[in-house]
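Report on one structure; see the data block that follows.
In the working numbering, the protein residues as written are 208 to 300.
Given below as structure tokens:
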């Protein structure tokens, strides 16, 4: 079986990865994040994650260039019972 081919993606400027939220998930995602950075070194690699990830990664060497904290909403970091912080979501968007 031949590998599928796709056109080269030379003009990639930004890659956004939606948060591996738990510490273990983040650790397991690191090789994939590193591979993305190696494939597109010119692209800004942004982790859309949790506030703890922004604090943890600040000043550390690694593939992630920037962390944007995603406010918790149902289905993305919040329980079904939790009400979304509408103002935080509006600021994020």
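Just so you know, even glycine gets a beta-carbon here, dropped at the ideal spot from N, CA and C.
Keeping to the same chain, check which residues put their C-beta closer than 6 Å to that of residue i; ignore five residues upstream and five downstream.
i: residue 261; result: 274, 276
i: residue 270; result: 240, 241, 244, 252
i: residue 256; result: 226, 274
Just the Cα atoms here: how many angstroms apart are residue i and residue j?
i: residue 224; j: residue 297; result: 20 Å
i: residue 249; j: residue 228; result: 25 Å
i: residue 293; j: residue 265; result: 27 Å
i: residue 259; j: residue 231; result: 14 Å
i: residue 289; j: residue 246; result: 39 Å
Using the beta-carbon count (16 or more within 10 Å), is residue i buried or exposed?
i: residue 235; result: exposed
i: residue 226; result: buried
Under three-state DSSP, which class holds residue i?
i: residue 225; result: strand
i: residue 269; result: coil
i: residue 234; result: helix
i: residue 276; result: strand
Could you pull out every residue in the same chain whose Cβ sits closer than 7 Å to the Cβ of residue i, ignoring the five residues on either side in sequence?
i: residue 221; result: 250, 251, 253
Grab me the residues of residue i's own chain with a C-beta within less than 8 Å of its C-beta, minus the 5 sequence neighbours each way, in chain order.
i: residue 216; result: 247
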